[in-house]
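Here is the structure we will look at, set down as C-alpha cells.
There are 2 protein chains.
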Amino acid sequence: MVVTSGHTVAGDDMDDANPVGPPPKRKPITARELARLMGVSQSAVSRAFTPGTSISPQLRQRILRAAAELDYHPNAIASMLSTRRSNIAGIVVSEMQNPFYPTLIEKLSRELQRVGLQSLMFNITRGSNIEEQLVALRKYNVDAVVVVSATVLSGASLRWATEGRAAVLVNRTIPDQTLTSVSCDNVEGARAIADHFHAIGRRQVAYVGGLPHTSTNLERQNAFITRVAELGMTLTHTLSGGEYSYEAGYRAALEIGQAKRTDAVFFANDILAIGGFDAFKDGLGLLVPEDIAVAGFDDVDMTRWPRYSLTTFRQPVDAIIERTVSLIIEQLSNEDFSPSQNPLSGELLIRHSTVGGRGLEKIGLPLPPQEQR
Amino acid sequence: MVVTSGHTVAGDDMDDANPVGPPPKRKPITARELARLMGVSQSAVSRAFTPGTSISPQLRQRILRAAAELDYHPNAIASMLSTRRSNIAGIVVSEMQNPFYPTLIEKLSRELQRVGLQSLMFNITRGSNIEEQLVALRKYNVDAVVVVSATVLSGASLRWATEGRAAVLVNRTIPDQTLTSVSCDNVEGARAIADHFHAIGRRQVAYVGGLPHTSTNLERQNAFITRVAELGMTLTHTLSGGEYSYEAGYRAALEIGQAKRTDAVFFANDILAIGGFDAFKDGLGLLVPEDIAVAGFDDVDMTRWPRYSLTTFRQPVDAIIERTVSLIIEQLSNEDFSPSQNPLSGELLIRHSTVGGRGLEKIGLPLPPQEQR
DNA sequence: CTCGTCATTGCATACGGATGCAATCGTGGC
DNA sequence: GCCACGATTGCATCCGTATGCAATGACGAG
C-alpha cells in the first residue's frame with residue numbers, strides 16, 4: 014500500500030484551468046498561521062480570544078496585538094462548529110403592513126446584538142411552503158428564535174421550529190401555552206380604551222378588528238366587548254377589517270359612520286384608526302372627536318402627527334424587547350426553564366381624537382412636550 | 014455543572030457580551046449517524062443532499078426518505094466551514110426614521126432568501142465604535158454585504174468591511190466609486206419635480222433637505238437647484254432639515270410659509286414633505302396646492318392617504334432590489350467583477366398636493382385605481 | 001471470456017477553532 | 001538544594017460536512 018501522504022501540492026499540472034470561480038476569495042489568516050508566525054500554539058491563539066480561559070495576560074496581549082496587526086479575526090463559523098453555539102438569533106417575521114413591527118424588529122435586533130447575538134432574519138411568506146422555510150431555522154442552528162409574526166405559523170410549526178432552543182413569541186401566543194410569549198397586555202389596553210370612552214361620555218361604541226384570527230385581535234376584541242357591556246354602553250358594530258391596513262379602517266369607518274348611531278370607535282391598531290379617522294373626516298364630513306371619537310392601538314409615530322393626534326394605547330416596546338432578550342438569555346443559561354406568558358403593561362395616551370381642543374392644549378409644534386422623543 | 018472558575022478575568026471589559034451558559038441542547042442526528050444506521054457512507058448522505066453530485070437516484074431517494082423519517086437536516090454551520098460559503102448576506106443598516114427603508118429591507122431579505130441567501134442584520138449605531146461593529150461582518154464570513162445605511166459609515170470602513178466579498182451599496186455611494194452601488198436616480202427625480210413645478214406654473218420654489226451630507230440629499234439638492242436655474246425659476250430657500258423627519262419638515266415649512274414668497278416646495282423625502290404639508294395647512298392655514306405646492310420623494314404608503322395625496326417621485330424599489338440581488342449573484346460567480354454605479358429610473362407620481370381637485374379626480378376610496386397595489 | 005470504461009460508492013482528510021489532558025515552568029516550603 | 005503544586009502552554013482530537021481519489025461493480029466491445 015502506497016502512502017503518498019503530503020508531497021504533491023495539488024493536481025496542478027494542466028487542469029488547473031478552472032474558468033468559473035465559484036468557491037473562495039482571498040483567504041483570511043487563520044489561528045494556526047498566526048500561531049506559527051508567532052511561535053506559539055494555535056490553542057494559545059484561541060485562548061487569547063476567549064475570555065475566562067487559562068492564559069497569561071502577557072501572552073494574551075502579545076497575541077491580540079499581533080492579531081490586530083495581521084488583521085486576524087477568529088472565524089465565527091468554525092467557533093460555532095466546535096462550541097455548538099452560533100450566537101445567532103433567528104427572527105421570524107412575515108408580511109408586515111403595520112409600521113409598528115419594523116420598528117420593533119430594528120430595536121430588537123439592536124438589543125440582541127448588544128448581548129452578543131446577531132439576528133438572522135427569516136421571512137415567512139404566506140404563499141409558499143412554510144414548513145420548508147422553517148427548516149432553515151434548524152439547519153442554521155440558531156441559539157434562539159424570536160417570532161414576531163402574528164400570523165401564518167401554526168402552534169405546531171412553531172413548536173417544531175423552536176424545539177430544543179430558546180424561543181420567545183412576541184405579541185402572539187399559541188393556545189396551549191407551551192412556548193414563552195411576551196406581549197403587550199391587550200386586555201388592559203382594550204379595557205382602558207373602553208373606560209376612556211365611557212369617561213368622556215360616549216355610550217354608542219364600535220370595534221374594528223384587524224386580522225381575524227390573531228391573538229392580538231381576539232384579545233383586544235373580547236376585552237373591549239366585555240368591558241363595554243360591564244359599563245352599560247351599547248356596542249353598535251363589531252367589524253373585522255380583515256387586515257391591519259389603512260384601507261380596511263377606511264372602509265369600516267364608512268360603514269359605521271353612515272349608520273349614524275356610533276359616537277366612539279376603537280380600532281384594533283393605529284393604521285386602521287388613521288384610515289378610519291380620514292374616512293370620518295374627509296369621507297363623511299364628520300367632526301372628530303365631536304361627532305365621533307377615534308382610538309387606536311400601538312402608538313406608532315404617525316399618531317402624534319397633529320392632523321391625527323390619535324388617542325391610542327401605547328405598547329411598551331422597550332419593555333417588550335427587554336423582557337424578550339432577558340427571557341432568551343435565561344433560557345440559554347438555565348437547563349430547566351418553563352414557558353411563561355408575559356403580558357406587559359402599556360399606557361393610554363389621550364390625544365385630540367377623543368378629547369377636543371378644550372381638553373388638551375395644542376402646543377406650537379406637533380408634539381406635546383412630554384411626548385417628545 | 015460549571016463551578017465558576019475564578020477566572021482572573023480580564024477586567025479589560027471588552028464587554029464581549031456573550032450569553033453564557035451550557036452550550037448544548039439535545040443533539041440532532043448527524044450525517045454519520047444516519048449513514049451508519051442505513052449502512053452507507055457519510056459521503057453518500059452528503060451527496061444525497063447536494064445537487065449535481067455523483068450519486069445514483071435510487072440511493073439518493075433512499076437516503077432522503079430515511080432522512081425525512083429521522084428528521085435529519087444537514088448542519089449548515091458545518092457546510093459553511095467546509096465549503097467556505099455561508100449562504101448568508103449581511104445587511105448593514107443604521108437608524109431609520111424613514112419608513113421607506115424597513116419596507117425595502119424586508120423585501121430585500123425576502124428576495125435574497127429566494128436565491129438562497131439568509132440575511133444577517135447588522136445594526137450600526139451612531140454612538141458606539143463603528144469599526145468594532147463591522148468586525149462581526151468579517152467574523153461571520155458572510156458571502157455578501159448589502160449596505161442600506163445612508164450614513165454613519167465612511168467609505169474606508171465600507172471598503173474594509175466588504176473586502177473580498179460581494180457587496181452592494183443601496184441608495185448611497187462613496188466618492189471614489191470603488192464599490193458597486195444601486196440607487197434611485199436622484200438626478201432624474203429632482204429634475205422631474207422641478208419640471209413639474211414649472212409645468213404647473215410655479216416660479217418661486219424652495220428645497221428642503223434631510224441629512225446634510227448623505228449622497229441622496231446632495232444629489233437631489235444639486236439636481237433640483239440646477240434644473241430650477243435652467244428653467245428660470247427663483248429659488249427662494251434651500252434649507253436643511255438636519256434629518257429626514259416629520260418635525261424637520263414641519264419646521265422648515267413654517268419658515269418658508271411665513272416668508273410668503275414661495276409657491277412650491279420640494280422636500281427631499283416624503284416624511285419631510287408630510288411634515289411640511291401639515292405645517293402649511295394646520296400651522297399656517299395655507300391651501301395646498303393652491304397657495305403652495307408640495308412634493309416629496311420615495312412614495313411611501315402614506316403619500317397615498319387622501320389627506321395628503323402627495324405628489325412624489327417613486328423610487329423603483331422592486332427594480333432596486335432585483336438589481337441588487339443580481340449584482341450580488343454576479344459577484345459571487347465572477348472572479349473578475351468591476352464595481353459599477355447603477356442609478357435606476359423612478360417615476361413621477363402627480364397627486365393633489367401639487368395639482369388641485371380639478372386636475373385629478375378623487376375616486377371613492379383613497380387610491381386612484383392605477384395605483385392600487 | 002477478458003479488458004476497458006463509466007457510474008457509484010467508500011475512504012481519508014480538510015475546513016478553523018475549542019478544549020481535555022499532559023508537559024513544562026516557576027516558586028515557595030522544608 | 002530538592003520536591004510539590006499551581007499557573008501556563010502545547011498536543012491531539014473533535015465538531016459535522018464536503019470532496020479528491022481510489023475501489024468496486026456493471027456492461028459492452030473485441
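Residue numbers (the working numbering), protein chains in the order written: chain A, 14 to 386; chain B, 14 to 386. Every residue, glycine too, gets a C-beta built ideally from N, C-alpha and C.
query = For A:Gly177, which of A:Leu166, A:Ala157, A:Ala163 has the nearest alpha-carbon?
reply = A:Ala157
inquiry  = Please classify B:Ala266 as buried or exposed, where buried requires at least 16 other C-beta atoms within 10 Å of its C-beta.
reply    = buried
ask   = Closest Cβ-Cβ distance between A:Ser366 and chain B: below 8 Å?
value = no
request  = Could you please tell me which residues of the region 275-299 of chain A, in chain order, have their CB closer than 7 Å to any CB of chain B?
outcome  = Asp291, Asp295
ask   = With 16 as the cutoff for other CB atoms within 10 Å, does A:Asp25 come out buried or exposed?
value = Its pLDDT being 29, under 50, A:Asp25 is placed unreliably by the model, and the measurement read from it follows with that caveat. Counting Cβ neighbours within 10 Å, A:Asp25 comes out exposed, since fewer than 16 surround it.
key: First through last residue of the alpha helix (DSSP H) which encompasses A:Asn184   = That residue, A:Asn184, is in no alpha helix (DSSP H); it is neither H nor E in DSSP.
inquiry  = Closer than 9 Å between beta carbons: that is the criterion. Which residues of the region 145-156 of chain A meet it against chain B?
reply    = Gln146, Val148, Ala149, Arg151, Lys152, Tyr153, Asn154, Asp156
ask   = By how many angstroms is the C-alpha of B:Thr193 removed from the C-alpha of B:Glu124?
value = 19 Å
query = Is there a Cβ from chain A that is less than 8 Å from the Cβ of B:Gly369?
reply = no
ask   = In or out: A:Ser132 buried (at least 16 other Cβ within 10 Å) or exposed?
value = buried
task = Consider the Cβ of B:Pro352: report whether some Cβ of chain A lies at a distance smaller than 8 Å.
result = no
key: Distance, B:Phe279 Cα to A:Ile287 Cα   = Going from the Cα of A:Ile287 to the Cα of B:Phe279 covers about 25 Å.
message = Spatial neighbours of A:Gly168 within its chain, please: C-beta separation below 7 Å, excluding the five flanking residues on both sides.
response = Ile187, Pro188, Asp189
ask   = Helix or strand or just coil, what does DSSP make of A:Leu130?
value = coil
request  = Could you tell me which chain A residues have their CB closer than 9 Å to the CB of B:Tyr438, listed as they occur along the chain?
outcome  = As displayed, chain B neither begins before 14 nor continues past 386, which places residue 438 of chain B out of reach and without an answer.
request  = Show which residues of chain B have a CB atom less than 7 Å away from the CB atom of A:Ala265.
outcome  = The contacting residues do not exist; A:Ala265 stays about 12 Å from chain B at best.
ask   = For A:Arg317, does the three-state DSSP call read helix, strand or coil?
value = helix
Reference A:Leu50, options A:Ile76, A:Ser59, A:Ser67, closest by Cα = A:Ile76
task = Tell me, please, which residues DSSP counts as bridged to B:Ala180.
result = Under DSSP, the beta-bridge partners assigned to B:Ala180 are B:Val158.
task = Please look up how many angstroms separate the CB atoms of B:Arg320 and A:Arg320, rounded, as I've assumed it's under 8 Å.
result = 6 Å
Residues of the region 334-347 of chain B with Cβ closer than 9 Å to any Cβ of chain A, in chain order = Leu345, Ser346, Asn347
B:Ala79 versus B:Leu47 - alpha carbon distance = 8 Å
Interface residues of the region 69-89 of chain A facing chain B [CB-CB below 9 Å] = Pro70, Arg73, Asp84, His86, Pro87, Asn88, Ala89
message = At the level of alpha carbons, what is the spacing between A:Glu82 and B:Leu340?
response = 32 Å
ask   = What is the DSSP secondary structure of A:Tyr259, reduced to helix, strand or coil?
value = In the three-state DSSP reduction, A:Tyr259 falls in the helix class (H, G or I).
query = Quick one, which of B:Tyr85, B:Leu121, B:Arg98, B:Ala44 has its alpha-carbon nearest B:Ile333's?
reply = B:Leu121
message = Let me see if you follow: with CB-CB separation under 8 Å, is B:Arg327 close to chain A or not?
response = no
inquiry  = If we define contact as Cβ-Cβ less than 8 Å, is A:Ser416 a contact residue for chain B?
reply    = Since the displayed chain A opens at 14 and closes at 386, residue 416 of chain A lies outside it and no answer follows.
key: For A:Leu357, three-class secondary structure by DSSP   = strand
inquiry  = Can you look up A:Leu166 in the DSSP assignment and give me helix, strand or coil?
reply    = Residue state, collapsed to three classes: coil.
key: Integer-rounded CB distance, given that B:Val368 should sit under 8 Å from B:Ile206   = With a contact defined as Cβ atoms closer than 8 Å, B:Ile206 and B:Val368 miss out at about 13 Å.
ask   = Of all the alpha helix (DSSP H) runs that stay within the bounds of the region 180-255 of chain A, which reach a length of 4 or more residues?
value = 199-212, 228-243
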